[in-house]
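Chemist: Okay, here's the structure, questions in a sec.
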Amino acid sequence: MPILLLMCLLGSTTLHAQQPAVRERRSANAPVPPATVSVPVQIEGLSVRADGVSQTNVNDVTSVLEDQLRLSGDASMSEPLADDLAFFLRQRLLDLGFPEVTVAWTVEGGTAVLRVVEGPQYTVGIITFEGNTSQREEDLRAFLLRPTHEKLGRRIANPPLVEGDIRHGAQLVQRYFQAQGYLNATVSDPEFTMRSETKTQDILVRITEGPRFDIGQVSLTGDWESRRDEVQAAIEGMTGQPFSEVRIEEVRKQLVGIFQQRGHFLADVTATADPSKVRGGPVPVVYQVTPGNIFRVAGVSVAPGFSKGGERVVRASFKRSVNQVYSPADLQLMHKQALRSDVFSRLDVTPKKLTDDTITLELTGEEGPTRTRAWYGGYETFKGVIVGGELRKVNIFDSGNAAQLKVESSGIGITGSARFTDPAVFNSPFSLDLSLYADGEEIFDYKRQSYGGRMVLARQWTKHVSTNAFADYSLNNSESELLTPEELGPDEYNLGLVGLSAIIDYRDSPVLPTRGFVFNGSISGTLAGDISYTRADLSFAYFVRFTDKFRAALLARTSAIRPEQSLEEVPIDLRLFNGGATSVRSFQEREMGLKSIKGDTPIGGTLSQTFSVEFSYEVAQNLELALFGDMGTLTREEESIFRRPEDVRYAIGLGIRYKLPVGPLRIDYGFNPDRREGEDIGALHITFGYAF
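As numbered in my numbering, residues 47 to 738 make up the sequence shown, in order.
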């Protein structure tokens, strides 16, 4: 669902060992140099003006002064506050590459007046790495400039030069060499050469690499044979890699995790490797494995202070762990079930040893606010402007359950719902959702209204597998002055629907995936009412990352509906469509396929298939450019999800994605390469979330 996000960007300030700001001893009304401007700032009754600021620095100066005024907590301007403002303003200008900047201050009529003399700004010039024979210079440059880029909040080729930041970057360069196996590598203090004519400073970094150390033979001792395949997979490929204590420690923790996942709560693995015994080359590594006993969970201990409802949710979530073999993966799943109730702002699970082979789970934490209100707004190409609000109450009647009221208005209509959620129905691992809804929409050349109720019983079986069983009953009516009865289908009907769905999700993130895959499958059918049909849906998406910035995604999706009689007996809104932001993107939403005789309304089909490939490249932080291709079908003749595609339509296009915490803002344009009579050359889509 599109959400309008308001984001606050907070800057950070690093202090430099420079001369402090000084009090101005001249008139505050001294003329401002013509190439500069005055920057007035007023926050919470406090007033400050900075004179002599270059136009390019106005935003930075405004930001730092606003931040310091808010942080001060003062009710009126004073000389100590004016001195602080001058000090922090100077630090920011130093960070922007003005090494000779001075900031003097005075207080005039309750306003702090800061007189700025920026002096020349120096940027990074030519960077030379002397002594480097093994690493790519672009990698070394990235590490050298990382502190500067992080402080600026952006990457530029020749940033302002701040010597302290460059020295910090040189330390990162040294650590990078050591991480590549050059354990004795040293990087000297950078040497700076000022170029007054270009206002740049060249940087010379002298590097002494020393010998390279590699990970040599990796051997195992102790009782590890019971997990032979997993252990060998963990150490496979280590030999020949650059020697790195970080890498050796990562594998050690992985080995501990292998045994802990099988119930060895006190599993211990030690790593031994001593590069001081060699002068370079391979360093042998030995892992000593001590699995210890297999532990079982003897009980659950809930800390006092939880409400009755909170305690119910916790005990219901973790009760199936009792008398079972200790498994961190299973406990993580139970932990997520408890948190999904929204009762807790924090929930900690601490296993404590009881005997030589039993543990207890100590559960502590804090409950969050029980009532929340939210307003949101957004825009989608199909729905237009969207605004909505919701009121949510968790732990109602101290039961651990939740209730929600929601209303949304868009360019096609208004929807509303009331929802009740039991996160642990009958104190089980299942959750129950009950909802009542009312929808009124005007789409293309027809209107429809629906009033109904829905029940969903869900369970997360493992970290990657979840299922739903659902039932829905609704009262519906549709009307149109342009569509024929066959095109519109039944204009007034009751619909009873039941179904099952399953998700197998191995993506690294459900919101911003870059690797892994997800499979969705569902089957549903009518059980009561005036309409009779069955429907099946299958979807598979695969994500792969080639580099830190370059990724690809593949999609295959097919849906089929089988009416008991003809398609005309199925209401138009229950038919299948293609085209839109998540299917063949050379068409607007639903607009691929057969349309009504009068007007321009898509009338749907019985089989819809979509196949997509997308390549994305991150051109700036959180900003991606995408190249995509789609192909799809929509037919009224076939009813099998496994039917070979026929009469295929295509899309080729470009897109932009800006990553947000709730998913990317996505703008796509799909070009129609095989345009037919009456079709547009392409389609623009603006929405939130990835296409698949």
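Where a beta carbon is used, it is the ideal one built from N, C-alpha and C, also for glycine.
Please confirm whether Tyr-715 and Gly-735 have their CB atoms less than 8 Å apart.
Modeler: No, the pair does not count as a contact, with Cβ atoms beyond the cut-off.
Chemist: Please look up how many angstroms separate the CB atoms of Val-630 and Asn-624, rounded, as I've assumed it's under 8 Å.
Modeler: With a Cβ gap of about 6 Å, Val-630 and Asn-624 count as contacting.
Chemist: When DSSP labels each residue in this structure, what does Pro-328 get in the three-state scheme?
Modeler: Residue state, collapsed to three classes: strand.
Chemist: Tell me whether Gln-378 is buried or exposed, calling it buried when 16 or more other Cβ atoms sit within 10 Å of its Cβ.
Modeler: Gln-378 should be labelled exposed.
Chemist: Which residue marks the beginning of the alpha helix (DSSP H) containing Gln-370, and which one marks its end?
Modeler: First-last for Gln-370: undefined, no H or E at that position.
Chemist: Tell me the rounded alpha-carbon separation between Glu-70 and Arg-161.
Modeler: Residue confidence is low: Glu-70 scores 49 on pLDDT, short of 50, so the model does not pin down where it sits. No coordinate-derived value is stated.
Chemist: If we call anything under 8 Å between Cβ atoms a contact, is Arg-689 one with Leu-653?
Modeler: Contact flag set, yes.
Chemist: Quick check for students: name the residue ranges of the beta strand (DSSP E) that lie wholly in the region 243 to 329, counting only runs of 3 or more.
Modeler: Within the region 243 to 329, the complete beta strand (DSSP E) runs of at least 3 residues are 246 to 254, 259 to 268, 314 to 318.
Chemist: Taking three-plus beta-carbon pairs below 8 Å as touching, is the region 278 to 294 in contact with the region 350 to 368?
Modeler: Short answer: they don't touch.
Chemist: Using CA atoms only, rank isn't needed, just tell me which of Gln-226, Leu-534, Ile-569, Ala-484 is closest to Asn-514.
Modeler: Comparing Cα positions, the closest option is Ile-569.
Chemist: Give the DSSP bridge partners of Leu-407, in chain order.
Modeler: In DSSP, Leu-407 forms a bridge with Val-346, Pro-397.
Chemist: First and last residue of the beta strand (DSSP E) that includes Leu-584?
Modeler: 579 to 591 is the extent of the beta strand (DSSP E) around Leu-584.
Chemist: Expressed to the nearest angstrom, what Euclidean distance is found between the alpha-carbon atoms of Gly-724 and Pro-691?
Modeler: So the alpha carbons of these two residues sit roughly 23 Å apart.
Chemist: If you reduce the DSSP assignment to three classes, tell me which class Gly-535 lands in.
Modeler: In this structure, Gly-535 counts as coil in the three-state DSSP scheme.
Chemist: Is the distance from the Cβ of Gln-306 to the Cβ of Ala-317 below 8 Å?
Modeler: Against a cut-off of 8 Å, the Cβ pair of Ala-317 and Gln-306 comes out as no contact.
Chemist: Ile-489 and Leu-541: beta carbons closer than 8 Å?
Modeler: Not closer than 8 Å, so no.
Chemist: Quick one: grab the DSSP three-state call for Gln-23.
Modeler: Any property of residue 23 remains undetermined from this structure, which presents the chain solely from 47 to 738.
Chemist: For Gln-655, is the classification buried or exposed, using 16 other Cβ atoms within 10 angstroms of its Cβ as the cut-off for buried?
Modeler: With 16 or more other Cβ atoms within 10 Å, it is buried.
Chemist: Among Gly-435, Asp-444, Leu-478, which has the Cα closest to the Cα of Gly-462?
Modeler: Measuring from the Cα of Gly-462, the nearest candidate turns out to be Gly-435.
Chemist: What are the residues that DSSP puts in a beta bridge with Asn-566?
Modeler: Paired residues: Ile-549, Ser-585.
Chemist: Would you mind giving the Cβ-Cβ distance between Ala-121 and Leu-111, rounded to the nearest angstrom? I have them listed as a contact below 8 Å.
Modeler: Going by Cβ atoms, the distance from Ala-121 to Leu-111 rounds to 17 Å, so no, they are not a contact pair.
Chemist: Ordered along the chain, which non-local residues of its own chain (more than five positions away) have a Cβ less than 8 Å from that of Asp-20?
Modeler: With the chain running from 47 to 738 in the structure shown, residue 20 is simply not present.
Chemist: Judging by CA-CA distance, which residue of Asp-129, Gly-171, Gly-165, Arg-136 is the nearest neighbour of Ala-158?
Modeler: For Ala-158, the nearest C-alpha among the options comes from Asp-129.
Chemist: Any chance the region 598 to 611 sits against the region 477 to 484, with 3 or more Cβ pairs inside 8 Å?
Modeler: Too few Cβ pairs lie closer than 8 Å, so no.
Chemist: For Arg-505 versus Thr-560, is the C-beta distance shorter than 8 Å?
Modeler: No. Outside cutoff.
Chemist: Which whole-angstrom value describes the C-beta separation of Phe-259 and Gly-326, a residue pair presumed to lie in contact below a C-beta threshold of 8 Å?
Modeler: Correct: roughly 6 Å between the Cβ atoms.
Chemist: Quick check on Phe-472: buried or exposed, where buried means 16 or more other Cβ atoms within 10 Å of its Cβ?
Modeler: Exposed, because fewer than 16 other Cβ atoms sit within 10 Å of the Cβ of Phe-472.
Chemist: Which first and last residues belong to the beta strand (DSSP E) in which Arg-419 is found?
Modeler: 417 to 426 is the span of the beta strand (DSSP E), which, as asked, contains Arg-419.
Chemist: Where do the N-terminal and C-terminal ends of the alpha helix (DSSP H) with Asp-97 fall, by residue?
Modeler: No alpha helix (DSSP H) holds Asp-97; the beta strand (DSSP E) holding it covers 92 to 100.
Chemist: Can you check which of these residues, Glu-271, Tyr-228, Ser-555, is closest to Pro-710 by C-alpha distance?
Modeler: When only C-alpha atoms are compared, the closest one is Ser-555.
Chemist: Hey, Lys-323 and Val-346 are a contact pair by Cβ (cut 8 Å); roughly how many whole angstroms apart?
Modeler: Not quite, the Cβ-Cβ distance comes to about 49 Å (not below 8 Å), so this is no contact.
Chemist: For Pro-77, does the count of other Cβ atoms within 10 angstroms reach 16, so buried, or fall short, so exposed?
Modeler: Any reading at Pro-77 must be qualified, since the residue scores a pLDDT of 41, below 50, and its modelled position is unreliable; the value itself is stated next. Exposed.
Chemist: For Arg-392, which residues does DSSP report across the bridge?
Modeler: Arg-392 pairs with Glu-412.
Chemist: Which stretch, first to last residue, makes up the beta strand (DSSP E) that contains Tyr-696?
Modeler: Segment 695 to 704, the beta strand (DSSP E) holding Tyr-696.
Chemist: Count the other CB atoms, across all protein chains shown, that sit within 10 Å of the CB of Ser-387; report buried if there are 16 or more and exposed otherwise.
Modeler: Flag for Ser-387 reads buried.
Chemist: Any idea what DSSP makes of Asn-624, helix, strand or coil?
Modeler: Strand at Asn-624.
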